[in-house]
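Residue numbers (the numbering used here): 31 to 273.
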Ligand code: GLP
C-alpha cells in the first residue's frame with residue numbers, strides 16, 4: 031500500500047483528483063470505478079472544474095459505481111444514482127449511457143447482482159476510487175464479508191445506518207439493504223485509490239493498514255492488492271501516525 035498523508039480534506043481531495051485526472055489523461059477510454067459518500071465530493075468538484083477548463087475530458091470514459099441502496103428509485107434524492115448525477119455526471123461531458131450503477135429497484139435483485147458483477151468484469155476497471163466506512167467497510171461490504179464475494183445484496187449494519195442517517199430526514203428512512211460490488215470485484219481493478227478524512231475514520235484507517243488481513247475490517251483486504259494508494263488527512267492518520 032502506498033500512503034499519501036495530506037494536511038486536510040481539501041488537500042486530500044486535490045491529490046485524489048490529480049490521480050484520477052492523470053488516469054484519464056493517460057487513457058481517454060479508461061473505466062473508472064466510482065464511490066459515493068461525503069468523502070469524494072471535493073475530488074469530484076475539482077474534476078468538474080478540470081473538465082470545464084478543458085484539462086480533461088470524460089467523453090470516452092466509462093464508469094461503474096460501487097453500490098446503491100435497495101428500494102430507492104434513481105430519482106430519489108438520497109439514491110446514489112442521483113448523487114452521481116448531481117456531483118459529477120450532469121456537470122461533465124460524460125456520455126451518461128457509459129455510466130453504470132446497480133439498480134436498487136430491480137425486481138430480481140439476485141439477477142441484478144449477477145449481471146452487475148459480469149458487467150464490472152467485462153468492462154475491467156482501470157482505477158477504482160473508494161471511501162471508507164467508519165467500521166472499515168468499502169463499498170457496502172460490511173465486516174464479515176468474505177474476500178471472494180462478488181456483487182451481492184447487503185444487510186446494512188446498525189452503525190452504517192446511523193452514519194448514513196445524517197443525510198436523511200429521519201433514521202427510519204434509511205434503507206436497510208443495499209447492492210454492493212463484492213471484495214473480489216473491487217480487488218479485480220488494476221489500480222485502487224482509497225480516500226479517508228477526519229478522526230472518525232482513524233480506527234478504520236489503522237485497521238486497514240496495520241491490522242491483520244481479515245473480514246473483520248473489509249478494507250484490510252486492500253493490503254493484498256498490488257497497486258493500492260491511500261490518501262488520508264491528519265485526522266484520519268491520528269491513530270496510525272504514519273510519517
Ligand atoms: C457509504 C458508502 C461507502 C462510503 C462510506 C463512507 O456507506 N457506501 O462507499 O465509502 O459510506 O461515507 P462518507 O464518505 O460519507 O464518510
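Every residue gets a Cβ at the ideal spot worked out from N, C-alpha and C, and that includes glycine.
For residue 44, name the three-state secondary structure that DSSP assigns. helix
Once DSSP output is grouped into helix, strand and coil, what is the label at residue 273? coil
Measuring only from the beta carbon, is residue 113 closer than 7 Å to any heavy atom that is part of ligand 1? no
Cβ atoms of residue 238 and residue 213: under 8 Å apart, would you say? no
Can you tell me where the alpha helix (DSSP H) with residue 86 in it begins and where it stops? Where residue 86 is concerned, there is no enclosing alpha helix (DSSP H), given that its DSSP letter is neither H nor E.
Quick one: grab the DSSP three-state call for residue 187. coil
Can you give me the Cβ contacts of residue 155 inside the same chain, cut-off strictly under 6 Å, excluding the 5 residues immediately before and after it? 61, 63 and 219
Could you check the C-alpha separation between residue 203 and residue 182 for me, to the nearest Å? 22 Å
Given 8 Å as the limit, is there contact between the region 189 to 197 and the region 161 to 169, that is, 3 or more CB pairs closer than that? yes
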